[in-house]
Each structure stands twice: as structure tokens, then as C-alpha cells.
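Since the structure comes first, as C-alpha cells, the remarks are kept for the end.
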Amino acid sequence: MTSKTKQSVISRIIFNYLLDHRIKILLALLMMVISAAATGLHAWLVRPALDEVLIKGNKDMLFLIPIAIIIVTLIKGLATYTHSYQMSKVAHSIIAKLQTQMFEKLMYLNMKFYNDSKSGNLISRLINDTYYLRLAIVKSVTGIIKDVLVIIFLLGNMFYQSWTLTLFAFFAFPLALWPIRKIGKSIRKITYTIQNEIAVFSNVLAESIKGIRQVKAYSRENYEKERAFETISFIQKYFTKSAFISNRLSPLMEFIGSLAVALSIYAGGVFVLNESMTTGQFMSFLVSLLLAYQPVKALGNLNISVQEGLAGAERIFKLLDTSKKNMENISSRKTIDLDGDIVFKDVSFSYNDNQVLNKISLTIPKGKKVALVGLSGSGKSTIASIILRLYDNYSGSILINSKDIKELNLTDVRNSVSIVTQETILFNESIFNNIKYGNLEASDEEISLVAKNAGVNSFSEELDQKLHTVIGENGIKLSGGQRQRIAIARALIKDAPLLIMDEATSSLDNITENKIHETINNLMDNKTKLIIAHRLSTIEDADIIYVLDKGKIESQGSHEELILQSTIYKKLQLREQLENEF
Ligand code: ADP
Ligand code: MG
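If you're matching positions, the sequence shown starts at 0 in numbering that gives the first Met the number 0 and goes up one per residue.
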């Protein structure tokens, strides 16, 4: 982090976050002053305790001083409690605000951003980086201000008792600053690396735990272990390096402190012996010096956690600052219902460099059943994705009801499409809630009905809790075909004008598949349907079939026409016949 970015990170934290809580912070500051003053008062009270009580034998003071000490301590305790609590409250609400902002950002970042980032990385920003920042805020505001105040009050007392002696002790102080700065700088660098490495670790963990079936099936436990151990030992190495440096600070400071104490005892002893100073003065001075040791040391360590927090904050702001280019512009208000022909005009698209769609022109007429077939990798799913406008950077135009979808409200576009994606994504909730995800306003009866139509009932009835059975992470407790049926039910309950099924029945047996397609044909007769086919038998009755080949439309027509015209279609059919024979 350059000092300029550091500056901007700090001022951003102050102006955009800390200032929101100025009242609480002011209260905390006031309490810090009181608590610091109480520490100074403690040191000051040593002098009358010695000079008046022990040496002069003053009876009144014998009672007054212990009482004063108790009262001062009580006040100090209350003040310390209040400022600590207030500052924690501030820190927690700042972190909550940052987490909310990051999550908000994550929800509206586009697919291109997600294709290029690792989920573990993003998760670690919300969890890890905020943790360090939280510590830094609590420690730095409370720490810096409070400790500086305590030092000021104690110094005040030292000067008050004997300024010449204070100057002696001071020789040691500038010495202490040097290791603090130097060590802080190295720590900042290491912490940044550690936090990056932890993000990598989260990725490795997430992958091997999520993919545990593959790991076991391919006996790749050792491979995964090596991958994980490598990051673990990397993190260990850097943490050790960090400890190697940061732990020097304490003993170094202690040594410098002892220099100050030794010097003061020598000089103070001389002053007391030649009677230019009373014993009480000297002891009060010495107690101040000893009490100042703790806050000075804390200030030194504080630099470390501030640096850690700043490294975290930098990564947080990097996410929050992800350019507008990567954001989707979503307004949740529904403006119009989109229902009509869907027309692609010369649409070309590439994810990165390789062209996936090449001048595609096609029409999906309102209320018709249109099929898209082609070998895998020909670009079928991509067509579905860009109808949903998951990617915006295509050339050419896509019209729904003669309106260019780029000019429409994104929410309207997505509300007008029910899609069953090729990969079934389910949440670790009940079947019921997974279906309801498609339409949060659906009634229980409607959900039961689509569950029946999508063939969910045929297996849910056998489960203990029926539709209310929780299905595990991404439906791990179900078969592929069962998961697909839930996904289909979810799309049915959304009931949008356009239904897209992207190889949505690929995991079903022929009989169930045909049954579901029959139901969909009946139920959704008036809807526009785009079926990306796995088996041709399910789309033979489509009004138009487009055959896609390497991002181009190879041919189009009805089943009967294509059988005669399209080599690819013929090939696909042949493959299917062979499959059916075995
Ligand atoms: P299909 O659904 O016909 O099997 P896809 O539309 O999924 O084909 O993929 C078409 C091409 O786009 C493939 O070559 C694939 O490698 C590429 N592709 C798909 N998704 C991505 C992505 N997120 N990033 C980069 N390339 C992709
Ligand atoms: Mg596909």
C-alpha cells in the first residue's frame, strides 16, 4: 500500500463511516479523557501518601487518601467501561455497514465479474478482512486516543513533580519510536500477503469440500491434501514471519523503558539525597513513569493491528470500488409486461476472446414451441444466457415484442423468462421452499399443483416430511432427475410468458421425460417456449427447430424438413436411435 492509498483508505473510513457515529464517539472521547485523568490522579496521589502520611504523619490524610483512591478508581472503571462499550458498538455497526454494502455490491455484479473471480476470495473479504478492520477500529480509536491521553496526564504529573527529572527520562523516548515504525511497516506488508493467502485457502477448501464426491471417486485425497497443505504451510510461514518480527517489539520497548527507569532512579536518587526533591515527589514521578510504560507499549503494538486493519480495508474498498462497468443496473420496480416474439438479429458474442455466437438470427414467435439443437459446445446455453441478459457485451440486437432488451429494464426482461438451467441449482432448504423461490407469492395450493405437474410428487410422497423435506446442499440428498424435477417446478411456478428449458430433462428416464413434456405442452400451451433439447423425441412436435453448429445456425425448419436437409440433425437422430437400441 502506498502512503497515498493508505491516506485515502484512512480518510474514507473516517469520513464515510466513523463520522456517522460522531455522537457516540464524542461520548467515548469524553470518557477516555476522564479515565486517563484518573490514571494521572492515581500517580499524583502517591506524593501526599508518602510525604503527608508516612513522613509527616498527617492523620486526616491517612483517611482521605485511601478514600480518594477508591473514588478515583470507581470513576475510572465506569469511564473505561463506557468508552470501550461505545467504541465496540461503533466498530460493529461500521463493519455491519461495510458487509451490507459489499453484499449489496455482490448481488448486482454481473456474470463477467463472477466468471473472473473466485468465490473464496469474495467470501474472505466479507469475513476475514472485516474481522481485522473491526479489531483495528476498536483498538485504534480507543487505543491511540486513550493511550495518548494517559501519557499526557502522566507526563503532566511528571513535569509537575520535577521537570528536570522528566527531561532525563526523556532521553529514552525518541529511541522507542524507531522500532515501532520500522516493525509496523514490515507487518503491513506481511499481513497483506497473509490475507491474500487466506483467500486462496478458502478457495481450496471450498472446492475440495464441495467436490468431495469427485475427490473420493478419483481417489484424489492425496492430491487435495497436497494442495491444501501447501497453502496451510504458506500461511503458517507468513504468520510465523509476522510473529518473528512483531514479537520483537515488546522486549525492545521493555529494554528502552528500563533505560528510562534506570536513568530516573539514578538522577532522582541524587536529587532526593541532596534534598532538592522529596521522597513523595520522587515516588510519584516513578509511578507515573512506570504507569506510562503500558500505554507506550500498547501504542507500539497498536501500530501492528492498525496496519492489519488497513490492509483489510484496502481489500474491502477494492471490492466496493469494482467499476460501474461490472454492475448491473437493476431497479426492482416492474414497469411493463414483456410478451411477444423474441427476435435475434445478427447476434455475435464471445466470453473472452473466442467467438461463441456468430451472427445468429432467429425468431421465437409468441406462443410457439421453438427448439434449439446442436452438439455440445455449439452455443445453446449461451443463447439462453443472453436472452436473460446475463451478458451484455454482444453485438447485434435482441428484441422482445419489438423492443430491444438492452433498452429495457433488466428486471422486466428477467421477470418475463422462466428458465430451467442446465445445471440444477438448489438451496439447502425444503423442496417446498425451493419451488417457492420461483414465485414468493405463490400459495401452498399452487405449489402443490406444480409439484404434481413437474413429477416432484412421485418421489416427495415417499419422503418423511413430503414437500417439506430438506434436501441438503444443492440437493445432495436427491438424484439428478429428482433435482431437475424440482427445478422444473420452480420455473413453472414463476409462470413467465417465456419458458426456457436448457436440457432440463437430461437426467430423467424416457418415460418421465415424455410425461413432463406432455404436461408442459398442455399447461403452457399459450406460452412461448424455447426448448434446448437433449433428446430429439421431445421436440419433434416443435413449430420451429434451429440447428446450431459452432455458434452459427446451420439450418432451421420442422422435424420432417430437417431430417431431409440437415446433416447435423440427421447425425443427432442417428445417435439417439443407437442409444435407444441399447
Ligand atoms: P452448449 O450449451 O451448446 O453446450 P455453451 O453455450 O454452454 O454450449 O458453450 C458454448 C461455448 O462457450 C463453449 O465452447 C464453452 O467453452 C464457452 N463458454 C461457455 N460458458 C463460458 C464462460 N462462462 N466463460 C468462457 N467461455 C464459456
Ligand atoms: Mg448447454
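Every residue gets a Cβ at the ideal spot worked out from N, C-alpha and C, and that includes glycine.
- Outcome for Asp-115 when other beta-carbon atoms lying within 10 angstroms are tallied against a minimum of 16: exposed
- Query: What alpha helix (DSSP H) runs, 4 residues minimum, are completely inside the region 500-571?
  - Reply: 509-522 and 558-564
- Query: Measuring CB to CB, does Val-369 end up less than 7 Å from Leu-356?
  - Reply: no
- Given Lys-528, which residues of its chain have a CB within under 6 Å of its CB, disregarding the five upstream and five downstream residues? Lys-368 and Leu-498
- Item | Ile-9 - DSSP class collapsed to helix/strand/coil | helix
- Where Asp-19 falls: helix, strand or coil (DSSP): helix
- Message: Assuming Ile-329 and Thr-230 are in contact, meaning their beta carbons sit under 8 Å apart, how far apart are those beta carbons, in whole angstroms?
- Response: That pair is no contact at about 36 Å.
- Item | Sub-7 Å separation of Gly-454 and Thr-537 beta-carbons | no
- Query: Below 8 Å, can you find three or more Cβ-Cβ pairs linking the region 277-284 to the region 223-240?
  - Reply: no
- Hey, could you find the ends of the alpha helix (DSSP H) Gly-268 is sitting in? 248-272
- Message: Does the beta-carbon of Gln-572, which I'm using as the reference point, lie nearer than 6 Å to any heavy atom of ligand 2?
- Response: no
- Item | Per-residue burial, Glu-313 [other beta carbons within 10 Å of its own, 16 or more giving buried] | buried
- Query: To the nearest whole angstrom, what separates the beta carbons of Met-31 and His-91, a pair I think is in contact under 8 Å?
  - Reply: Wrong, their Cβ atoms sit about 19 Å apart, outside the cutoff.
- Nearest candidate by alpha-carbon position, reference Asp-463, set Lys-435, Ala-495 and Ser-429: Ser-429
- Cβ of Val-140 less than 7 Å from any chain B Cβ? Here chain B cannot be found, since the structure has a single protein chain.
- Proximity below 7 Å, CB of Tyr-237 to CB of Ile-197: no
- Message: Can you give me the C-alpha to C-alpha distance between Met-252 and Ile-144, rounded to a whole angstrom?
- Response: 20 Å
- Closer than 7 Å by C-beta to Phe-152: which residues in its own chain qualify, once you throw out the five before and the five after it? Chain order, please. Ala-35, Ala-36, Thr-38 and Gly-39
- Item | Local Cβ density within 10 Å of Asp-542, reported as buried at 16 or more and exposed below that | exposed
- Query: What span of residues does the beta strand (DSSP E) with Ser-360 cover, start to end?
  - Reply: 354-363
- Query: Taking C-alpha atoms, which residue in Asp-391, Ile-519 and Leu-507 lies nearest to Asn-109?
  - Reply: Asp-391
- Message: ligand 1 and Ser-505: does any heavy atom of the ligand fall closer than 6 Å to the residue's C-beta?
- Response: no
- Message: If you measure between the beta carbons of Ser-283 and Ala-42, is that distance less than 7 Å?
- Response: yes
- Message: Less than 6 Å separating the Cβ of Asn-109 from some heavy atom of ligand 1?
- Response: no
- Query: Can we count Lys-3 as close to ligand 4, meaning its CB is less than 6 Å from some heavy atom?
  - Reply: Only ligand 1 and ligand 2 can be found as ligands here, which leaves ligand 4 out of the picture.
- Task: Using the beta-carbon of each residue, find all residues closer than 5 Å to any heavy atom of ligand 1 and list them in chain order.
- Result: Asn-114, Tyr-350, Val-355, Ser-375, Gly-376, Ser-377, Gly-378, Lys-379, Ser-380 and Thr-381
- Span of the alpha helix (DSSP H) around Ala-370: Element bounds for Ala-370: not the alpha helix (DSSP H) but the beta strand (DSSP E), 368-373.
- Are Lys-379 and Leu-371 touching if we call contact CB-CB under 7 Å? yes
- Task: Would you mind stating whether Ile-182 and Ile-255 have Cβ atoms separated by less than 7 Å?
- Result: no
- Item | Residue burial classification, Lys-215 (beta-carbon count within 10 angstroms, cutoff 16) | exposed
- Query: Excluding the five sequence neighbours on either side, which residues of its own chain have a C-beta within less than 6 Å of the C-beta of Ser-123, listed in chain order?
  - Reply: Ile-197, Ala-198 and Ser-201
- Burial state of Ala-486 (16 or more Cβ within 10 Å): buried
- Message: According to DSSP, Met-282 sits in a beta bridge with which residue or residues?
- Response: DSSP lists no partner for Met-282.
- First and last residue of the uninterrupted beta strand (DSSP E) at Ile-329: Looking at the DSSP string, Ile-329 is not in any beta strand (DSSP E), and its letter there is neither H nor E.
- Task: Could you tell me whether the Cβ atoms of Gln-100 and Leu-125 are closer together than 7 Å?
- Result: no
- Specify the secondary structure class of Ile-335 as computed by DSSP and reduced to three states. coil
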